[in-house]
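Take the sequence shown: its position 56, counted from the start at 1, is 56 in the UniProt record's numbering, and no numbers get skipped. Each residue gets a CB set at the ideal place from its N, CA and C atoms; glycine is no exception.
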Amino acid sequence: MATSKKSSASSRGRAQDRSRVAGGQQHEVRYEAKKTGASATDVKRAVKSAGNSRSKVERELKK
1 MATSKKSSAS SRGRAQDRSR VAGGQQHEVR YEAKKTGASA TDVKRAVKSA GNSRSKVERE
61 LKK
């Protein structure tokens, strides 16, 4: 009996990882900047120092 793996593809294509911030994607940086009230430069800096976890980036921006 084979074990099936959960696929990362959905009926609409690949599943998005909403718990991550892609620092190289301008639309994600703009969204996070608008959401937190920070500048885009601050968001990029936070992604670089805290990693791409959305919660860690938001925590870093609140400091």
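Local conformation of residue i per DSSP, three classes
i, result
"R18", "coil"
"S53", "strand"
"Q26", "helix"
"R59", "helix"
"R12", "coil"
"A40", "helix"
Same chain only: Cβ atoms within 6 Å of residue i, ignoring 5 sequence neighbours per side
i, result
"V21", "E28, E32, V47, N52, R54 and V57"
"V43", "V29, E32 and A33"
is_contact[residue i, chain B] using C-beta, thresh 8 Å
i, result
"A46", "In the structure shown, chain B does not exist; there is a single protein chain."
Contact set for residue i: own chain, Cβ-Cβ below 7 Å, skip 5 residues either direction
i, result
"R40", "Reading the sequence as shown, one finds Ala at residue 40 and not Arg. Closer than 7 Å at Cβ, skipping near neighbours: V29, R30 and A33."
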